[in-house]
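J.: This is the structure I have questions about; it appears just below.
In the numbering used here, the protein residues as written are 10 to 289.
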């Protein structure tokens with residue numbers, strides 16, 4: 010591998026023994042997200058020893074192997090269960106999960122809503138490319154109605170999850186959305202999520218031109234990125250749009266940011282109470 014520039018965040022945060030370019034398809038947004046991830050980590054005051062990355066299965070699951078921190082590549086849908094164990098075993102760690110939309114909201118869906126409900130001090134980065142990309146383009150819980158997939162040849166008939174609305178309703182105390190086109194915004198949102206106290210969710214819209222784009226005739230990866238540029242609207246401006254325009258767009262930025270007790274804080278209170286009861 011060519012020498013990394015020592016004055017850049019990539020030198021500090023990426024593993025130097027990994028071969029680049031990465032394993033993802035040319036034009037895939039996951040490489041862009043990897044860049045945002047390391048830049049966001051560099052914005053915080055965290056050290057490498059204070060960060061743990063956890064991923065599940067799918068294209069997104071490969072990301073932690075490139076980052077020079079403690080990482081775990083887990084089974085399908087179980088990233089948040091492993092992350093919960095890591096967090097409760099060592100609450101000083103900043104635990105970040107990186108999951109795809111199928112991984113997080115299908116087989117991992119119950120783990121997602123209950124992690125949000127408990128307000129665990131974990132960040133969930135959910136990459137939404139609207140399908141199961143690695144296994145051939147099957148539909149996922151975020152595939153839009155009417156869209157085609159290898160398991161929906163005549164158009165998908167189920168309504169899609171809104172990941173941000175789902176997790177906000179379940180109890181997440183920080184929820185944000187961006188895309189791999191809006192890189193500067195994405196860097197900042199990830200840094201905010203990493204330093205937030207409580208369960209943080211960042212939905213990252215990313216193109217899967219190899220499967221979803223091809224099956225739905227969405228053009229090249231560049232065309233799909235331009236679509237994100239056109240449809241992604243900052244929350245303040247999105248709220249002012251007429252309803253017809255809202256259906257063609259999506260809100261980006263911080264959607265929810267509230268202070269509420271974390272699971273760890275509540276657990277500490279119970280331990281203290283139990284200790285006092287035991288001394289009686």
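The beta carbon of each residue, even a glycine, is placed where N, CA and C say it ideally should be.
All values reported here derive from a predicted model rather than from experimental measurement.
Could I get the ranges of all uninterrupted beta strand (DSSP E) runs contained in the segment 201 to 226, with 3 residues as the minimum, in chain order?
T.: Listed in chain order, the complete beta strand (DSSP E) runs (minimum 3 residues) inside the segment 201 to 226 are 209 to 214.
J.: Label residue 279 either buried or exposed according to how many other C-beta atoms from any shown protein chain fall within 10 Å of its C-beta, with 16 as the threshold for buried.
T.: So residue 279 ends up on the exposed side.
J.: Could you check if residue 154 is buried or exposed, using at least 16 other CB atoms within 10 Å of its CB as the buried criterion?
T.: Classification of residue 154: exposed, given that the 10 Å Cβ count is below 16.
J.: Using CA atoms only, rank isn't needed, just tell me which of 66, 191 and 229 is closest to residue 219.
T.: With distances taken between Cα atoms, residue 219 lies closest to 229.
J.: For a quick check, are the C-beta atoms of residue 158 and residue 146 less than 7 Å apart?
T.: Cβ atoms of residue 158 and residue 146: closer than 7 Å.
J.: Measure the C-alpha to C-alpha separation of residue 22 and residue 166 and round it to an integer number of angstroms.
T.: Their Cα atoms are separated by approximately 42 Å.
J.: Is it true that the segment 205 to 212 meets the segment 125 to 136, where meeting means three or more beta-carbon pairs spaced less than 8 Å apart?
T.: Yes, the segment 205 to 212 is in contact with the segment 125 to 136.
J.: Between the C-alpha atoms of residue 191 and residue 108, what's the straight-line distance to the nearest angstrom?
T.: Each residue's Cα considered, the two are about 19 Å apart.
J.: Nearest to residue 99 by CA position, among 252, 79 and 151, is which residue?
T.: The shortest Cα separation from residue 99 among 252, 79 and 151 belongs to 79.
J.: To the nearest angstrom, how far is the alpha carbon of residue 234 from that of residue 186?
T.: Using only the alpha carbons, I get a separation of about 15 Å.
J.: Report, in whole angstroms, the separation of the C-beta atoms of residue 53 and residue 66, which I expect to be a contact under 8 Å.
T.: Wrong, their Cβ atoms sit about 27 Å apart, outside the cutoff.
J.: Hey, could you find the ends of the alpha helix (DSSP H) residue 359 is sitting in?
T.: Nothing can be reported for residue 359, as the shown portion of the chain is limited to 10 through 289.
J.: Quick check: the Cα distance between residue 171 and residue 19, rounded to an integer number of angstroms?
T.: Computed Cα separation, rounded: 32 Å.
J.: Hey, residue 122 and residue 203 are a contact pair by Cβ (cut 8 Å); roughly how many whole angstroms apart?
T.: Rounded, the Cβ-Cβ distance is 22 Å, inconsistent with contact.
J.: Would you mind sorting residue 194 into buried or exposed? The rule is 16 or more other CB atoms within 10 Å of its CB.
T.: By the 10 Å Cβ count, residue 194 comes out buried.
J.: Let me know if residue 73 comes out buried or exposed under the rule of 16 or more other beta-carbons within 10 Å of its beta-carbon.
T.: The residue in question, residue 73, is buried, as its Cβ has 16 or more Cβ neighbours within 10 Å.
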